[in-house]
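**Student:**
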Amino acid sequence: MKIAILPGDGIGPEIVAQAAKVLEVLRRDGLKIEMEYGHIGGAGYDAAGDPFPKETEELARTCDAVLLGAVGGYQYDNLPRPMRPEQGLLRIRKGLGLFANLRPALVYPELVNSSTLKPELVSGLDIMILRELTGDIYFGQPRGIKTLENGERQGFDTMHYSESEIRRVAHVGFKSAMKRSKKLCSVDKANVLDTSMLWREIVTDVAREYSEVELSHMYVDNAAMQLVRAPKQFDVILTGNMFGDILSDEASMLTGSIGMLPSASLDENNKGLYEPCHGSAPDIAGQDVANPLATILSVAMMMRYTFSSETAAQRIEAAVRSVLRQGLRTADIFETGMQKTGCAAMGDAVVAAL
Ligand code: IPM
Ligand code: MG
Numbered sequence: 000m001k002i003a004i005l006p007g008d009g010i011g012p013e014i015v016a017q018a019a020k021v022l023e024v025l026r027r028d029g030l031k032i033e034m035e036y037g038h039i040g041g042a043g044y045d046a047a048g049d050p051f052p053k054e055t056e057e058l059a060r061t062c063d064a065v066l067l068g069a070v071g072g073y074q075y076d077n078l079p080r081p082m083r084p085e086q087g088l089l090r091i092r093k094g095l096g097l098f099a100n101l102r103p104a105l106v107y108p109e110l111v112n113s114s115t116l117k118p119e120l121v122s123g124l125d126i127m128i129l130r131e132l133t134g135d136i137y138f139g140q141p142r143g144i145k146t147l148e149n150g151e152r153q154g155f156d157t158m159h160y161s162e163s164e165i166r167r168v169a170h171v172g173f174k175s176a177m178k179r180s181k182k183l184c185s186v187d188k189a190n191v192l193d194t195s196m197l198w199r200e201i202v203t204d205v206a207r208e209y210s211e212v213e214l215s216h217m218y219v220d221n222a223a224m225q226l227v228r229a230p231k232q233f234d235v236i237l238t239g240n241m242f243g244d245i246l247s248d249e250a251s252m253l254t255g256s257i258g259m260l261p262s263a264s265l266d267e268n269n270k271g272l273y274e275p276c277h278g279s280a281p282d283i284a285g286q287d288v289a290n291p292l293a294t295i296l297s298v299a300m301m302m303r304y305t306f307s308s309e310t311a312a313q314r315i316e317a318a319v320r321s322v323l324r325q326g327l328r329t330a331d332i333f334e335t336g337m338q339k340t341g342c343a344a345m346g347d348a349v350v351a352a353l
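Using numbering that gives the first Met the number 0, the first residue of the sequence shown is number 0, and each one after it goes up by one.
(1) Please state whether the Cβ-Cβ distance between residue 166 and residue 201 is less than 9 Å.
(2) Which same chain residues, not among the five before or five after residue 68, have their C-beta less than 6 Å away from its C-beta?
(3) Give, in chain order, every unbroken run of the beta strand (DSSP E) that is at least 3 residues long and sits entirely within the segment 177-225.
(4) Start and end of the beta strand (DSSP E) containing residue 286?
(5) Once the 5 residues before and after residue 254 are set aside, which same chain residues still bring their CB inside 6 Å of it?
(6) Using CA atoms only, rank isn't needed, just tell me which of 143, 230 and 36 is closest to residue 79.
(7) What span of residues does the beta strand (DSSP E) with residue 238 cover, start to end?
(8) Given residue 50, which residues of its chain have a CB within under 6 Å of its CB, disregarding the five upstream and five downstream residues?
(9) Just to confirm, are residue 65 and residue 272 a CB contact at a threshold of 9 Å?
(10) Nearest-angstrom Cα distance between residue 188 and residue 73?
(11) When you compare only the Cα positions, how much space is there between residue 81 and residue 213?
(12) Buried or exposed for residue 161, please, with buried defined as at least 16 other CB atoms from any protein chain shown within 10 angstroms of its CB.
(13) In chain order, which continuous runs of the beta strand (DSSP E) of length 3 or greater are located wholly inside the segment 128-169?
(14) For residue 229, which of helix, strand or coil comes out of DSSP?
(15) Quick check on residue 324: does DSSP put it in helix, strand or coil?
(16) How long is the line joining the alpha carbons of residue 3 and residue 148, rounded to whole angstroms?
(17) Here's a check: name, in chain order, each residue in its chain whose Cβ is nearer than 6 Å to the Cβ of residue 322, leaving out the five neighbours to either side.
(18) Are the segment 165-183 and the segment 225-240 touching by the rule of at least three beta carbon pairs closer than 8 Å?
(19) According to the neighbour-count rule (16 or more other Cβ atoms, all chains shown, within 10 Å of its Cβ), is residue 289 buried or exposed?
(20) Looking at the structure shown, is residue 73 part of a helix, part of a strand, or coil, going by DSSP?
(21) Using a threshold of 8 Å, is the CB atom of residue 70 nearer than that to any non-hydrogen atom of ligand 1?
(22) Less than 8 Å separating the Cβ of residue 248 from some heavy atom of ligand 2?
(23) Relative to the alpha-carbon of residue 35, which residue among 292, 77, 91 and 59 has its alpha-carbon at the smallest distance?
(24) Ligand 2 and residue 244: does the residue's C-beta get closer than 8 Å to at least one heavy atom of that ligand?
(25) Have a look at 268, 309, 287 and 228 and flag the residue whose alpha-carbon is nearest the alpha-carbon of residue 249.
(26) Identify whether residue 102 lies in helix, strand or coil by the three-state DSSP scheme.
(27) When the Cα of residue 221 is compared with those of 294, 184 and 252, which residue comes out closest?
(28) Going by DSSP, name the residue or residues bridged to residue 272.
(29) Whose C-beta lies closer than 8 Å to the C-beta of residue 31 among residues of the same chain, with five residues either side of it excluded?
(30) Let me check understanding here. Comparing Cα to Cα, which of 262, 280, 139 and 92 lies closest to residue 56?
(31) Using 8 Å as the cut-off, classify the Cβ of residue 66 as near or not near the heavy atoms of ligand 1, replying yes or no.
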């Protein structure tokens, strides 16, 4: 198991260090794990003048999986766009063909009260958001800011999806639905966008190969509303890059904290990039208060999807549940009566539980 570790910026290094402890335990217990570190994001810019340096790209290509912390920081906010940390993330996703982004939103019984929604709405919630990750308005050309004839400037981006891009992610969606409760909701804006009309047509066509899966379609504005009105109606949500970006942040709050949400971004062969759904949180970086559980749970996803080790995945997930049962809480999920725990101590507790 060759794993590239890219801590990145902000709280990235702290949370990744905790996940690396977990990988160490798995190695001690017999998994053939090799880890190699590289720079990405602002850290890549600082080290090599590029948010996705050549060496990092090479490392990522030769490894089976990548574990990434987070990218971004105030000090990079005024760099020209190609040098911005986020470009490192977008380039590694695109460059490695990681088109299928799995973002599970799972409510742990211990955290039901951390959600901003009523416990009865979210208790037992288990949604899988599948976000297409290498197409859409994120990557469409042309884009830019031009000056019109009247001298006014105009910003523009291009949304597009090709049939094959829609088809391949739809297959991943139906396959995940088959492993879960066989319900798939495809989210689009087909009442306004041509891109979405094609999306809906192709998803409907792919559905014919999965007759056991119940397919529904929903407009994205309604989906945003339904997610806070009655989130348990969803099982797998399949959607494009930009809608998935927005809906997955929204869904994260159902679970109590975005600090709990892992993600996997997979290519055709299940090679994957694993990262927490949250960002680099520069405001709390270096203070040992970040929640490392999303990154640790990303390692569980890595074991499940890239290395097909369901045993290792479940072992990590059980250890996380166990520390929550013990009452350990980082600041983002803290409630009175629980034990306030720092980032490194939370990592150590997971290791002990393993
Ligand atoms: C995410 C993030 C990224 C995205 C940013 C940092 C480029 O918000 O992973 O959801 O928009 O995809
Ligand atoms: Mg996002």
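Note that the Cβ used here is the ideal one computed from N, Cα and C, for glycine as well.
Computed from a prediction, not measured in an experiment: that's the story for all the values here.
**Tutor:** Taking the coordinates as given:
(1) Taking the sequence shown and counting its residues from 1, one reaches residue 166 at position 167. Taking the sequence shown and counting its residues from 1, one reaches residue 201 at position 202. Contact flag set, yes.
(2) For the purposes of this step, residue 68 is taken as residue 69 along the sequence shown, with counting starting at 1. Within the same chain, residue 68 has close Cβ partners 6, 7, 11, 14 and 15.
(3) 182-187 and 213-218
(4) Numbered from its first residue, the sequence shown carries residue 286 at position 287. Here residue 286 belongs to no beta strand (DSSP E), and DSSP marks it neither H nor E.
(5) Here residue 254 corresponds to residue number 255 of the sequence shown, with the count starting at 1. Closer than 6 Å at Cβ, skipping near neighbours: 104 and 106.
(6) Counting from 1 along the sequence shown, the entry for residue 79 is found at position 80. It is 143.
(7) Taking the sequence shown and counting its residues from 1, the one referred to as residue 238 is at position 239. It spans 235-238 - the beta strand (DSSP E) in which residue 238 sits, taken as one unbroken run.
(8) Position 51 of the sequence shown, counted from the start, is the residue given in the question as residue 50. Within the same chain, residue 50 has close Cβ partners 40, 43, 44, 84, 86 and 87.
(9) Your numbering for residue 65 matches position 66 in the sequence shown. Your numbering for residue 272 matches position 273 in the sequence shown. It is a contact, given that the beta carbons lie within the stated cut-off.
(10) Locating residue 188 in the sequence shown gives position 189, counting from the first residue. Locating residue 73 in the sequence shown gives position 74, counting from the first residue. Approximately 34 Å, taken between the alpha carbons.
(11) Along the sequence shown, one-based indexing puts residue 81 at 82. Along the sequence shown, one-based indexing puts residue 213 at 214. So the alpha carbons of these two residues sit roughly 42 Å apart.
(12) Within the sequence shown, the letter at position 162 stands for residue 161. By the 10 Å Cβ count, residue 161 comes out exposed.
(13) Fully enclosed beta strand (DSSP E) runs of 3 or longer: 143-146 and 152-155.
(14) For the purposes of this step, residue 229 is identified with residue 230 of the sequence shown, where counting begins at 1. Coil at residue 229, not helix or strand.
(15) One-based indexing of the sequence shown puts residue 324 at position 325. DSSP places residue 324 in helix when its eight states are reduced to three.
(16) As a position in the sequence shown, residue 3 is number 4, starting the count at 1. As a position in the sequence shown, residue 148 is number 149, starting the count at 1. When rounded, the distance between both Cα atoms is 49 Å.
(17) The count along the sequence shown starts at 1 and reaches residue 322 at position 323. Cβ within range, chain order: 348, 349 and 352.
(18) yes
(19) The residue labelled residue 289 in the question sits at position 290 within the sequence shown. Burial call: buried.
(20) Walking along the sequence shown from the start, residue 73 turns up at place 74. Three-state result, residue 73: helix.
(21) Position 71 of the sequence shown holds residue 70. At least one heavy atom of ligand 1 is nearer than 8 Å to the Cβ of residue 70, so yes.
(22) As a first step, residue 248 is located in the sequence shown; it is residue number 249 there, counting from the start. Yes, since a heavy atom of ligand 2 falls inside the 8 Å radius drawn around the Cβ of residue 248.
(23) For the purposes of this step, residue 35 is identified with residue 36 of the sequence shown, where counting begins at 1. Nearest of 292, 77, 91 and 59 to residue 35, Cα basis: 59.
(24) In the sequence shown, residue 244 corresponds to position 245, counting from 1. At least one heavy atom of ligand 2 is nearer than 8 Å to the Cβ of residue 244, so yes.
(25) Here residue 249 refers to the residue found at position 250 when the sequence shown is read from its first residue. Taking only the C-alpha atoms, the option nearest residue 249 is 228.
(26) In the sequence shown, the residue the question calls residue 102 occupies position 103. Correct three-state label for residue 102: strand.
(27) Locating residue 221 in the sequence shown gives position 222, where the first residue counts as 1. For residue 221, the nearest C-alpha among the options comes from 184.
(28) Numbered from its first residue, the sequence shown carries residue 272 at position 273. 65 and 264, per the DSSP bridge assignment.
(29) One-based indexing of the sequence shown puts residue 31 at position 32. Apart from sequence neighbours up to five positions away, the residues of its chain that approach residue 31 with a beta-carbon distance below 8 Å are 0, ordered along the chain.
(30) For the purposes of this step, residue 56 is taken as the residue at position 57 of the sequence shown. The option with the nearest alpha carbon to residue 56 is 92.
(31) The sequence position of residue 66 within the sequence shown is 67, counting from 1. Flag unset: Cβ of residue 66 not near ligand 1.
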